[in-house]
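Using the working numbering, read the sequence shown as starting at 13 and increasing by one per residue. The structure appears right after this line, and notes come after that.
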Amino acid sequence: AMSDVAERPWEYGGAWVLAPMVRVNTLPFRLLCAEYGADMLYSEELVDKSVSACRRSVSARGEAEYRHADGKLIFSTVPHERLAFQLGTASGPDALAAANVVADDVRAIDVNMGCPVKFSTQGGMGSALLQDPERVRDILTTLVRNFGGRRPVTCKIRILDSPADTLQLARVIESCGVDALAVHCRRVPDRPRHWAQWDAMTELRAALPSSLPLLLNGDIFSLEDAKRVVDQTGADGLMLARGALWNPALFARDEAKQVSQASLVSRYIALAEQVGNNVGNTKYVALQMLEAGGKTRAFKALTAAKDYAALRAAASGMVDEPIFCSPPQLQMRLEPPPDLPHLAAMPTNAWRAVPAHCKAALAYRKVGSSYDATSAPDAEAAAPPEALVPLKRARVDAG
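Structure (structure tokens):
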């Protein structure tokens, strides 16, 4: 089946893509998402110099493995995998050297420009690039010049503080000749609990040439969300991170093909064992897939597992707990970023639940079940000062 999937054209328009997630997107989780129909799978971000130091070998099972001299496995893939390789890089020459190492085993090369973790940014990689358009130009033009036509070159960004700044950066990226641009619709300081700003994608799609496909990442947790976001923003494709982690079957794009959480995790563990994935990594991913299952027996059994036999036993025990016998129910409790309470009043966010402490900061007039802030043109000014206190406090929590 893998080779049939591989033969589908590599097209960003209409694609549903597994977003890069550190430690999660090792080979078995990508294989699980591919089984459910993900069109493209991103590797986790791998740093250029680490990749350049790898030697390629082929395992007895036929996987291409990239290892450091000490034998440490950095990356592996299987023939025909629909894989986009994500690089962490701060320089054109280093990016090119790394891309050349893996080019024959991957379908596309992507540059990470969104990771806010210090490890990335202190080297000028990840979200540090958002403030450095000349370096962005150097990296992307170097890759496009060397891979253009042979492998698609793409990148993934976050939104900047103002729509104008985001658009300016996107225009620089587009001018480099990339094949697609993925946009995580959060800013660098935003936390995962803060709403993704889908309206940023609506503006980018309207302003950029239609020849550049745009992939939207952020707050796609259900099939309903996926339909809504495409209708609202005109995004060409979707990129799922936590939504896919908690329910890889979303990639089937079909309510009838949703399966129980127990079967998702059991299948993941089976795939991981089949490809000889490191037990510690397999356990980590399985626990992440069950993020809300902390008090259950199965979660405790997974936590205690030290080998594949124990992981398998923990997974098969999931069928005894009703919570795991149905498709994952993702009840997301998200809120607007503390400095942008007015997002709650935007028509594009009318479908979202607004937490009580955020409502307090807005002068709302209730209309049926939706909120209408037209009575307060400047919601923040209209709210009593004490109503804004929880927002300031929330901001401190958010780092």
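Beta carbons are placed, not taken as given, at the ideal position from N, Cα and C, and that holds for glycine. Quick caveat: nothing in here was measured; it's all calculated off a predicted structure.
Asked, Found
"Segments of 3+ residues assigned as beta strand (DSSP E) that fall wholly inside the region 65 to 114", "67 to 70, 76 to 79, 85 to 89, 95 to 100"
"Bounding residues of the beta strand (DSSP E) (the contiguous stretch that carries K168)", "165 to 170"
"C-beta atoms of D248 and L226 nearer than 7 Å", "yes"
"Beta-carbon proximity list for A104, same chain, < 6 Å, skipping 5 on both sides", "Correcting the residue identity first, residue 104 is Gly in this sequence and not Ala. Closer than 6 Å at Cβ, skipping near neighbours: D150, I151, T154."
"Sequence-distant residues of the same chain with beta carbon closer than 6 Å to A109, five excluded per side", "S64"
"C-alpha gap between F159 and I121, whole angstroms", "9 Å"
"Near the ligand GTP: A310 beta-carbon under 6 Å from a heavy atom", "Although the ligand GTP was asked about, the structure shown includes no ligands whatsoever."
"Local conformation of E285 per DSSP, three classes", "helix"
"Proximity below 7 Å, CB of L85 to CB of L283", "no"
"Proximity below 7 Å, CB of W478 to CB of T245", "Residue 478 lies beyond the residue range present for the chain, which begins at 13 and ends at 411; the question has no answer from this structure."
"Status (buried if at least 16 other CB within 10 Å, exposed otherwise) for E19", "exposed"
"Three or more C-beta pairs below 8 Å linking the region 267 to 275 and the region 335 to 344", "yes"
"Buried versus exposed, by CB contacts within 10 Å (16 or more), T315", "exposed"
"Residue of L99, P164, T133, A218 minimising C-alpha distance to N124", "L99"
"Element boundaries [beta strand (DSSP E), containing A192]", "192 to 196"
"Under the three-state DSSP convention, the category K61 falls into", "helix"
"Alpha helix (DSSP H) segment containing Y296, residue limits", "291 to 301"
"At least three beta-carbon pairs within less than 8 Å, the region 195 to 207 to the region 345 to 361", "yes"
"Opposing strand residues paired with W28 [DSSP bridges]", "L250"
"Alpha-carbon to alpha-carbon, L355 and G26", "27 Å"
"Sub-7 Å separation of F97 and V118 beta-carbons", "yes"
"DSSP three-state assignment for D122, whether helix, strand or coil", "strand"
"Beta-carbon proximity list for A219, same chain, < 7 Å, skipping 5 on both sides", "L179"
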